[in-house]
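Here the sequence shown is numbered in the numbering used here, starting from 3 and rising by one per residue.
For glycine and all other residues, C-beta sits at the position ideal for the given N, C-alpha and C.
Here is the structure we will look at.
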Amino acid sequence: MIADLVKARTSFDHDTRLALWRGEKVVLPSDTPSKAFGYWTWYRSAIGSASELGLGARRGWKALPAPEKDLSIVFISGGVESTYLDAILPLTIRRMSIDNLPKLSEATTHEGYLAILAVLLGYRVCHLGIEGSKFGTEDYEKDGRLTVEFSKRWVCEWNGYASPYQVVSMVHDMTRFQLFNWVVEHRLDAGLKSCFGYTDEKKWCGECFKCWNIFTFYRALGRDPRFRLSTKAWLRYNTELRAYIETGVDKFGTLSDYKELAQCGYSLDQDKEATKWLS
Ligand SMILES: [Zn+2]
3 MIADLVKART SFDHDTRLAL WRGEKVVLPS DTPSKAFGYW TWYRSAIGSA
53 SELGLGARRG WKALPAPEKD LSIVFISGGV ESTYLDAILP LTIRRMSIDN
103 LPKLSEATTH EGYLAILAVL LGYRVCHLGI EGSKFGTEDY EKDGRLTVEF
153 SKRWVCEWNG YASPYQVVSM VHDMTRFQLF NWVVEHRLDA GLKSCFGYTD
203 EKKWCGECFK CWNIFTFYRA LGRDPRFRLS TKAWLRYNTE LRAYIETGVD
253 KFGTLSDYKE LAQCGYSLDQ DKEATKWLS
């Protein structure tokens, strides 16, 4: 019974979210509580959706039942944040690899999708690895699309909407570089999967933004990167970083991490040794 109620509501949440992303018209049941209508109104505006959103003539709102058990889940991507969470969270928390998730929508692995999925799977608490630089921003570009589903505001809005189901970030006070530093100190970096072109055969393509990002983190710690970065990627993303420093335009949404690297005394331009690991 409870599973049917949860399923009905989570498919409603999933479909509503997707329709707003696609700019389609959304008609909510006439008995939608004002708090829920408020959430979707806020979400629509926050992602800049062109959708029409209103209440229809028919009733049919599905309230979420309380979870039967107080269970928690963490979604593991293998990246810096999830490697940290995987190491510190108790073993009793269920882990689910995002590689095994159904590819349901164009926004598959965004935090909002994971939050809905956690409810569907019956977990009251969903641990998401939202680190400080994302948590502190109102919106963020991911995979070429703007999302708000990293922000403190979204976590608050969602937790009000989906209560008593909750999204929690245990790393929101940490920067990505701090997390990386911890992962390296605890010798967990061999398991990192951060590259956009990751395959079982090749963990680091050496060409993408993520490879450059991790490469520079290793260098800022004065360490040997575990892979070779292409000279082309090195020059391209260094140029983007300089552009960000000069203009404040952060094309990748994570260049603000580099303020911290600068504070640690690391400068790309002065890192003459880095070229040793370029290909
Ligand atoms: Zn790569």
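query = Which whole-angstrom value describes the C-beta separation of T177 and G131, a residue pair presumed to lie in contact below a C-beta threshold of 8 Å?
reply = Their Cβ separation, rounded to whole angstroms, is 13 Å, which puts T177 and G131 out of contact at 8 Å.
Sufficient close CB pairs (3 or more, under 8 Å) joining the segment 8 to 25 to the segment 51 to 64 = yes
key: Sequence-distant residues of the same chain with beta carbon closer than 7 Å to Y259, five excluded per side   = For the record, residue 259 in the displayed sequence is Asp; it is not Tyr. Closer than 7 Å at Cβ, skipping near neighbours: S135, T177, R178 and F179.
key: Per DSSP, cross-strand counterpart(s) of S171   = Partner(s): none; S171 has no beta bridge.
inquiry  = Going by C-alpha to C-alpha distance, which of E187, D15, A245 and L280 sits closest to P31?
reply    = D15
request  = Return yes when the C-beta of E209 is under 7 Å from any heavy atom of ligand 1, and no when it is not.
outcome  = yes
key: As assigned by DSSP and simplified to three states, the class of F152   = coil
ask   = Rounded to the nearest angstrom, how far is the Cβ of F2 from that of K212, given a contact under 8 Å?
value = This structure cannot settle anything about residue 2, because the visible part of the chain is limited to 3 through 281.
query = Under 8 Å between the Cβ atoms of R96 and Y115?
reply = no
key: Under 8 Å between C-beta atoms of L223 and L280   = no
inquiry  = Bridge partners for L231 per DSSP, in chain order?
reply    = L280
inquiry  = Nearer than 7 Å: is that true of the beta carbon of K234 relative to any heavy atom of ligand 1?
reply    = no
ask   = Who pairs with F77 in a beta bridge, going by DSSP?
value = M98
request  = Determine the burial state of N102: buried for a count of at least 16 other Cβ atoms within 10 Å of its Cβ, exposed for fewer.
outcome  = exposed
message = Is it buried or exposed, P35, if we count other Cβ atoms within 10 angstroms and call 16 or more buried?
response = exposed
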